[in-house]
Structures are given as structure tokens and as C-alpha cells.
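One structure is given below, encoded as C-alpha cells.
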Amino acid sequence: MVKKFKAGKPSRSSGGVGSFAPRMILSRDGADALNMIRFDIRDRVKRGGELAALEAMGLMLKEIQRTAPDDVGGVRDYAKSLKVGIVESGRTPVVMIFMEDVKRKLTEDDSEDTVVYVSTEERSPASAKVIQSYQPWPSALLPFQPSGRGVTVVSRQVSRSEISRISARILSKRASIESALNRAGARGAKIQKGNNGVGTEVSEDLAFSVLRREFGLGDKSEPHWRPAAKKISGDLRQLGKRLVEYVMTGRESVFSLPPHVSVSTSDVAAFTPFQAKIASASGLK
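For reference, each letter of the sequence shown is one residue, going 1223 to 1507 in the numbering used here.
Here it is, written out as C-alpha cells:
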């Protein structure tokens, strides 16, 4: 708890009769004014840190957009859809780079390079939970379109060799999976190459594809997040100077703020927090 200044009266010291210890004497108005200054500076430092982080993320985003590949995970110019945002959570807002969730429907073309992951909730259909327990699934082997209460399907682009390996695993357990699906209510469900999964609504795990491109995992290596973070590190000293100026003056105009969105914790599910996923995997924490 922050101590407050108090108005006081001079008190005798223990140094002798008639002597007084030096002491700052404040009127009630003076004490209130000093307390207001202390709290104002503390709030201003907090706000200044948020503004500095916003500008830093804006600089990083510009560099990412300048150097990003044209096509990642089948999405062209993905970096143009990235946004700087503030997650309003508790006392300390978190500044991050976001992208709105990319939703689409599976097509026949996905059979060659797409796998899906299913997440469910307690009250989701039992058949969807069976699909979840054996994931990932090649989209071509889905016995039906997973859907229902609390069911979320995420798609990822992978190599053909990965499709072959995952397909072999599912087919080796076909009898067990089909039996489990029948017990879960999916009567007559069959695991065979076909179009049963076509039309399933999925959320594209674009951050996964970006990481593969960043590190050249099963794809051409085109790093652009790590170089962008390294490039803006040289701007941090200047940002530090502006933070001091802001604390002194309270003028937000000392920062060059990028366009940004405010995201509540309840809305985060509608966005992909790229910075969190990519930074943690790239060592950019």
C-alpha cells in the first residue's frame, strides 16, 4: 500500500529542552496535492509503458508486412490482415499482434495436404469426442462432418508425406474407431477415402503455417518475424527517451501510435494471437 503524505505539526526532539527536530510541515491542501502527484506519476508510467509497447508493435508489424511471403498456408498476403491490439485483462493490458480467425469450409482439394484437429466440450456430441481422441485426421478420411455444441475444427496444411503417415495410422485402427463411432451414435460411419468431410467448417491454423515457413519445416524457409523483432530492437532506446518525456509532460503525441484494436479476454477466441504463438516458438519472449 502506498504511504500518503500527512499534514503535521512540529514535534520536540529528544535532543534537549526547547530544541526542535527539523521537519517538513504541510498544510492539508499541500499534503493532498503531493499525494495526487505521486498517484498521477504512477498511473502515467503505466500508461507510458502501454503507449511505448504499442509503437514498438506497430514498427514490428510494418517490418513483418514488408518482408512476409506472398502465400502462406494457402492464404495470400496474410500479413496485411494482421493487427496490433490490446488485451484488456486485469490491471496490466497486454499489447500483441492479432489476426481475425480465418474460417472456411473443407473442399475436395484439401485431401492432398490438410489435416484437422477437433476440440469439444463436456456437452458436445459423443461422436465428435471419438474423432477428437484419434486426431489428427486427414480431411479425406473424415467419416462425417464434425459439428454440434462446442465443437471446433482447426485445419492445418502439411506435406504429402505427413498426410501418408497420418492416414496409415488412422487406417490401422479403422475397426476400433468405427466401432467406437457406432457406440457413440454415428451409426454406419465408415472410414474410407471420400468426400464425407467436405463442407466441414474449419478455422485455418495460419500461425502453424507461418512457423513452418519461418523455420523452413517442410517448406521453403522465409523468416520474417525474427528479423523484424531484431530490427526494431535498435529503436527501443529512442522509445525509452520518449517514455521519459511522456512521464514528464503527459503528452501522448510524443509517440507514433499505430492503428490498433482493443480486445477483451472474452473476445480473444475470435482472434489468433500470432505474437503469442510465434514468439514462444521462436524464442522472442
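Built from N, CA and C at the ideal position, the CB exists for glycine as well.
Which of helix, strand or coil DSSP assigns to residue i
i: T1374; result: strand
i: F1437; result: helix
i: E1322; result: strand
i: G1509; result: Here the chain has residues from 1223 to 1507 only, and residue 1509 is not among them.
i: E1343; result: coil
i: R1313; result: coil
i: D1180; result: For residue 1180 there is no data in the structure shown, the boundaries of the chain being 1223 and 1507.
i: V1380; result: coil
i: P1244; result: Unreliable placement is indicated for P1244, whose pLDDT of 46 sits below 50; no coordinate value is reported for it.
i: T1329; result: coil
i: S1475; result: helix
i: M1258; result: Legend: pLDDT at M1258 = 49, less than 50; position of this residue unreliable, value from coordinates given subsequently. The answer is helix: DSSP assigns M1258 an H, G or I state.
i: F1366; result: coil
Beta-carbon spacing of residue i, residue j below 8 Å
i: I1413; j: P1365; result: yes
i: E1310; j: A1450; result: no
i: T1374; j: A1429; result: no
i: E1384; j: V1317; result: no
i: I1399; j: V1352; result: yes
i: D1427; j: R1434; result: no
i: S1484; j: G1307; result: yes
i: G1296; j: Q1379; result: yes
i: R1294; j: V1338; result: It is worth fixing the name first, because residue 1294 is Val in this sequence and not Arg. No, these two residues do not count as a Cβ contact at 8 Å.
i: R1409; j: A1274; result: no
i: L1304; j: F1437; result: no
i: G1280; j: Y1468; result: no
i: R1371; j: S1346; result: yes
i: K1415; j: L1363; result: yes
i: A1301; j: A1290; result: yes
i: T1336; j: S1369; result: no
i: R1382; j: E1334; result: yes
i: S1425; j: K1499; result: no
i: G1472; j: R1266; result: yes
i: A1406; j: S1443; result: no
i: L1479; j: L1283; result: no
i: N1404; j: A1397; result: no
i: A1492; j: E1322; result: yes
i: G1419; j: Q1367; result: yes
Start-to-end residues for the beta strand (DSSP E) that takes in residue i
i: V1352; result: From DSSP, V1352 is part of no beta strand (DSSP E) but of the alpha helix (DSSP H) over 1348-1355.
i: V1485; result: 1482-1486
Per DSSP, cross-strand counterpart(s) of residue i
i: K1305; result: F1320
i: V1490; result: Its beta-bridge partners do not exist; DSSP assigns none.
i: D1293; result: R1298
i: P1360; result: V1337
The ligand ADP heavy atom lying under 7 Å from the CB of residue i
i: P1481; result: Within the structure as shown, the ligand ADP is missing, as the structure has no ligands at all.
8 Å Cβ cutoff, residue i in contact with chain C
i: G1456; result: Of the protein chains in the structure, only one exists, and it is not chain C.
Inset, instruction - Any chance you could list the alpha helix (DSSP H) runs of at least 4 consecutive residues sitting entirely within the stretch 1385-1468, in chain order? - result: 1396-1405, 1428-1437, 1447-1454
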